[in-house]
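Residue numbers (my numbering), protein chains in the order written: chain F, 1 to 227; chain C, 1001 to 1227. All C-beta atoms, glycine included, are put in the ideal place defined by N, C-alpha and C. Because the structure is a prediction, the values reported are computed rather than measured.
Number of protein chains: 2
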Amino acid sequence: MKKNQQTTVEQLLAQPPLKTIFPEAIAKFAEVHDFEAGEFLNVEGDEPAYLYYILSGKVKVYFTQSNGKVALLHFLSAHSFIGDMELLEARYYSKGVQASTATRCLALPTTYVRELLLNDVAFLRHLALYLSKKIMHNSAKMSQSLAYPLENRLAEFILMSENDNIYQEKHTEAAEFLGVSYRHLLHVLAQFVARGWLEKDGRSYILRHKSALQDMATSIFATAITD
Amino acid sequence: MKKNQQTTVEQLLAQPPLKTIFPEAIAKFAEVHDFEAGEFLNVEGDEPAYLYYILSGKVKVYFTQSNGKVALLHFLSAHSFIGDMELLEARYYSKGVQASTATRCLALPTTYVRELLLNDVAFLRHLALYLSKKIMHNSAKMSQSLAYPLENRLAEFILMSENDNIYQEKHTEAAEFLGVSYRHLLHVLAQFVARGWLEKDGRSYILRHKSALQDMATSIFATAITD
DNA sequence: CGTATAATAGGAGATATCTCATACTTTGGA
DNA sequence: TCCAAAGTATGAGATATCTCCTATTATACG
């Protein structure tokens, strides 16, 4: 992680959307943190030192299941909070958060801003709204994706985790995230290659026909609108 | 709906958990509403007149998909809010809410309490915490249930929607909720009957072997803990 | 450097689930 | 009162997905 000194935090905070979310009083504690792809923003179980608000980039959230296996929970991107639950409830068990691409965050040291934020109605309203939208989004997505075969969900997952047209998630992880067997994931992946949508390059895949993948992925939502 | 006059609202509000959630100032607007099974607490699309907090009972939340079909979204029970999103964001499109069993709610007329609640840090904190817990719960449930065949999810659904040991959801609705075909739902339901867990009684089913259903349902979570 | 463990890879048969077809019954209006 | 639409039921064949098995690389670690 690198503390970014160039971007003046004041400048960011003075403009929407940050201006409408955070109270002015946090300005003196605010920092901008830059993470490289692969870097950890938080180690699972640690009490997070910062409340992050993602400015750009993409992160993956992990947690360790009771069987000891680490599972990918979801992706977060710009305008998402990291550490919001821990801010609300100190005893909360934090998740592992890893940058998927280069990521820039607004970073607020919890020790200093907790009291401030938990007493700011504008911030709390925004947070509640953010959370409720997330719930809507989740439940809509879930009920829909349940109905589609892996083909569709995998296409979406590839597009979501791809970086510069290269897909290189671990298959074990992807299989678990998508709720299918490792075997079947490989099967469908092989189909994508056979159709010329992906090209295998060592242990990663090059996206050769992005629009086909997009069609396959968005059909999940398209039907919801069209049908 | 029947406005309940017996239970003094003041009494309820003076005790936890209500005492810690709502500011005292709402007391003069608060009512207790009783709904019978099947009654609607809110009609989809209507701007809800009340923010409800469920005291007891169980409700179903519906919404109409773009294809015109009405789909069951989820169940809510004690300690859940109804109309929270609409409170936060007025333009929000409300969902249909129907009592599944007899249900008692604390009812707060939005016109009077909106300003009050949206400026109360204790309430907003509670709401944010409630929402974030719901997110955790949802995503844990989702990633897990994805992995299990209909057998397990159906057992859970039956227990969730059963009333006095009688299950009588419409199969069309259940199938959509569970994300499986109508055909397959009937198939698995028939298996449950064959195993003696359910007994068909006209168009409803009697729960004959609840513990078996519970085993089947909780295996979803049990493995998460044991494995 | 060598070995244990995780990840990758693919074959084969078993299940779960879907689609399509068809028929009967209930229910809500015109 | 009667019809159209929705719900219920069931059969049969097609797919999607799983489980089990077996090899072959990577990767971590003493």
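{"Check": "Where C:Arg1104 sits in the DSSP three-state scheme", "Outcome": "strand"}
{"Check": "Within 7 Å, strictly: CB atoms of C:Ser1161 and C:Arg1153", "Outcome": "no"}
{"Check": "Residues near F:Val43 by beta carbon distance below 7 Å, same chain, minus five either side", "Outcome": "Gly96"}
{"Check": "Three-way DSSP call (helix, strand, coil) for F:Ser132 in this model", "Outcome": "helix"}
{"Check": "Short Cβ contact (7 Å threshold) for F:Ala102 with F:Ala37", "Outcome": "yes"}
{"Check": "Residues near F:Glu173 in its chain [Cβ-Cβ closer than 6 Å; skip 5 each side]", "Outcome": "Leu72"}
{"Check": "Check whether F:Val9 and F:Ala30 have beta carbons under 7 Å apart", "Outcome": "yes"}
{"Check": "Simplified DSSP state of F:Gln98, which is helix, strand or coil", "Outcome": "strand"}
{"Check": "Per-residue DSSP class, three states only, for C:Val1009", "Outcome": "helix"}
{"Check": "Three-pair Cβ contact test at 8 Å for the region 1047-1059 of chain C versus the region 1101-1117 of chain C", "Outcome": "yes"}
{"Check": "Contact under 7 Å by Cβ, F:Trp197 with F:Leu178", "Outcome": "no"}
{"Check": "Where F:Leu73 falls: helix, strand or coil (DSSP)", "Outcome": "strand"}
{"Check": "Residues that DSSP places opposite C:Glu1059 in a beta bridge", "Outcome": "One detail in the question is off: residue 1059 of chain C reads as Val in this sequence, not Glu. In DSSP, C:Val1059 forms a bridge with C:Leu1076 and C:Ala1099."}
{"Check": "Min CB distance F:Gly96 to chain C below 7 Å", "Outcome": "no"}
{"Check": "Residue closest to F:Ala122, alpha-carbon to alpha-carbon, out of F:Asn4, F:Ala25 and F:Leu12", "Outcome": "F:Ala25"}
{"Check": "Residue of F:Ala140, F:Ser94, F:Ser139 and F:Asp84 minimising C-alpha distance to F:Leu117", "Outcome": "F:Asp84"}
{"Check": "Neighbour-count burial assignment, C:Tyr1182, 16 or more Cβ in a 10 Å radius", "Outcome": "exposed"}
{"Check": "C:Val1032, DSSP secondary structure in three states", "Outcome": "strand"}
{"Check": "Between the CA atoms of F:Asn119 and C:Ala1155 - distance to the nearest angstrom", "Outcome": "44 Å"}
{"Check": "Minimum C-alpha distance to C:Arg1104 - residue among C:Glu1039, C:His1033, C:Ala1090 and C:Leu1124", "Outcome": "C:His1033"}
{"Check": "Residue closest to C:Leu1159, alpha-carbon to alpha-carbon, out of C:Glu1199, C:Ala1217, C:Lys1200 and C:Phe1035", "Outcome": "C:Ala1217"}
{"Check": "Contact list for F:Met85 against chain C, beta-carbon separation under 7 Å", "Outcome": "Ser1132"}
{"Check": "Within chain C, partners of F:Asn138 - CB distance below 9 Å", "Outcome": "Ile1135, Asn1138, Ser1139 and Met1142"}
{"Check": "F:Phe35 to F:Asn4 span [Cα, whole Å]", "Outcome": "10 Å"}
{"Check": "F:Ala128: contacting residues in chain C (beta-carbon distance under 7 Å)", "Outcome": "Leu1088, Leu1124, Leu1127, Ala1128 and Leu1131"}
{"Check": "Proximal chain F residues relative to C:His1074, where beta-carbon distance stays under 7 Å", "Outcome": "Ser139"}
{"Check": "N- and C-terminal bounds of the beta strand (DSSP E) containing C:Asn1042", "Outcome": "Phe1040 to Asn1042"}
{"Check": "Where F:Gly57 falls, given that 16 or more other Cβ within 10 Å makes a residue buried", "Outcome": "buried"}
{"Check": "Check whether C:Ile1021 and F:Ile135 have beta carbons under 7 Å apart", "Outcome": "no"}
{"Check": "Candidates F:Tyr205, F:Pro17, F:Glu47 and F:Glu89: closest to F:Asn163 by CA position", "Outcome": "F:Tyr205"}
{"Check": "Proximity to C:Glu1151 [Cα-Cα], best of C:Val1180, C:Ala1128 and C:Lys1141", "Outcome": "C:Val1180"}
{"Check": "Cβ neighbour criterion (16 or more within 10 Å) applied to F:Glu47", "Outcome": "exposed"}
{"Check": "Cut-off 7 Å between Cβ atoms - residues of its own chain near F:His209, not counting five sequence neighbours on either side", "Outcome": "Gly196 and Trp197"}
{"Check": "Residues that F:Arg9 contacts on chain C, provided the C-beta gap is smaller than 8 Å", "Outcome": "The sequence as given places Val at residue 9 of chain F; Arg does not occur at that position. The contacting residues do not exist; F:Val9 stays about 24 Å from chain C at best."}
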